[in-house]
Ligand code: TRP
């Protein structure tokens, strides 16, 4: 006999798991870095506009589709009567695999930074060699090992299912994460650079914005909210009918945005406190999170010996609640579609993803072929060069390529189809029922019409316009 579908045990369970998915390395590592390179203020405003105009409506669309269909993204469209749309689900599963493959590598670094900080806290700080982090990235076996640990812990939680696995884990991870965040923000009030950090973040200067920054802001809005690949369709499929999709979406979006801004305040306050740092930050994606910060904790902060290790617990927890959701998308496909057991599905997915992760783990110096790899070859001219430039912004190495391609192409394209589906294909009475926005007297609440306007017009046109601009060669400087 078929078992009833597992469900979140409580309303808070869904919100915590979904915001756990949203809050991750995107907030702590990517956002502070891209906001810094795009000169703060104006970029932050564009990003907020993307979150409101595209992120929130797409979030609601995904949850509506998932909860209505009660199944994972690939079969979901068929269950709702449109099997031809299943490709959107497949695209999502592909994005999940690509993202998890590189994400687990970076997540693994948080384990070693944590151990490093623990050592410094107990035996005293020693200024590391300037190349220490590069050397660490070049140690192939260690890189693969750390990635493997992270994927193993993720698999363990996912294999235990929704209420007993994912919900239980995020109920511990998220409160710890939030408390650490509050502690770190309170600490940054006391730093000399706090005021300047706020100015950088919130004083817009639109002369700094390029076409590429707009695409980056949009891509990041998808990435940080875990949208465009069916993660929220999957999580929504375990949601009870009695819960409000609108309220849950708003809570997730607000929490994710507040945490991204808080992460900037924490990091920029430190950067502006130590003037020499400002020129070095933009040089590498990982520099800020894994090199600059640990040094600062131990050299510039009185509470650093405590805050250092605690900070990497935060990073690891944030990453873990996100890798869980990425793996769950793949696992739920195997469980729902091929009817494999959850354990078998988890083991097979995790091993498959790990084999891709190895290429990413070795692509930061350990293996030079993987580190300089470009999909269309290295030639100076021709169509391959053009593809490398347009599709991959001339990035090299598996980790960078996977990151760039998934965030800037796979997620926006997936998100475009999801909004088109929710706005134009799914019948109005169906989305209206899921959102429960009919008043007692039978009239439709204004919020429903607003949502529909955004998913029908604003979000698809916005996404489509940006994708088109980039294909036509918008400023890639
Ligand atoms: N949102 C996560 C972050 O900001 C990453 C993530 C988890 C994700 N699940 C996802 C991104 C699904 C896209 C789709 O770090």
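Numbering (the working numbering), first residue to last: 1 to 477.
The beta-carbon is built from N, C-alpha and C at its ideal position, and this holds for glycine as well.
For residue 224, the shortest separation between its Cβ and any heavy atom of the ligand TRP lies below 7 Å.
One thing to note: residue 346 has its Cβ no nearer than 8 Å to the Cβ of residue 105.
Taking a cut-off of 8 Å on C-beta distances, the segment 197 to 204 touches the segment 36 to 46, as three or more cross pairs fall below it. When secondary structure is reduced to three states using DSSP, residue 444 falls in the strand class.
Here the distance from the Cβ of residue 27 to the nearest heavy atom of the ligand TRP is below 7 Å. For residue 160, there is no enclosing alpha helix (DSSP H), as DSSP marks it with neither H nor E. Residue 221 has its CB no nearer than 7 Å to any heavy atom of the ligand TRP. Nearest to residue 17 by alpha-carbon distance, out of 415, 27, 98 and 238, is 238. In the pairwise beta carbon analysis, the segment 390 to 400 is classified as not touching the segment 416 to 427: fewer than three pairs are separated by under 8 Å. C-alpha of residue 86 to C-alpha of residue 63: approximately 16 Å in a straight line. Taking 8 Å as the cut-off, the beta carbon of residue 322 is found closer than this to the beta carbon of residue 20. When DSSP reads this structure, residue 438 sits in a beta bridge with 444. Remark: C-beta atoms of residue 399 and residue 355 do not approach each other more closely than 8 Å.
Residue 362 carries a coil assignment under DSSP once its states are collapsed to helix, strand and coil. Distances from the CB of residue 363 to the heavy atoms of the ligand TRP are all 7 Å or more. Shown here, residue 196 sits in a helix according to DSSP, grouped into three states. Between residue 435 and residue 460, the C-beta gap is not smaller than 8 Å, which leaves the two residues out of contact.
Shortest gap from the CB of residue 218 to any heavy atom of the ligand TRP: 7 Å or more. Its chain contains no residue whose beta carbon lies nearer than 7 Å to that of residue 457 once the 5 sequence neighbours on both sides are disregarded.
The three-state secondary structure of residue 341, taken from DSSP, is coil.
For residue 103, the uninterrupted alpha helix (DSSP H) segment begins and ends at 86 to 123.
Just so you know, the alpha carbons of residue 331 and residue 10 end up roughly 22 Å apart. Per the coordinates, the alpha-carbon of residue 4 lies some 49 Å from the alpha-carbon of residue 304. Relative to the ligand TRP, the nearest heavy atom lies less than 7 Å away from the CB of residue 411. Take residue 26, set aside five residues on each side of it, and the residues of its chain with a beta-carbon closer than 6 Å to its own are 223 and 224, in chain order. Beta-carbon to beta-carbon, residue 213 and residue 389 are separated by about 17 Å, too far to satisfy the 8 Å threshold.
In this structure, the alpha-carbon of residue 59 lies about 20 Å from that of residue 174.
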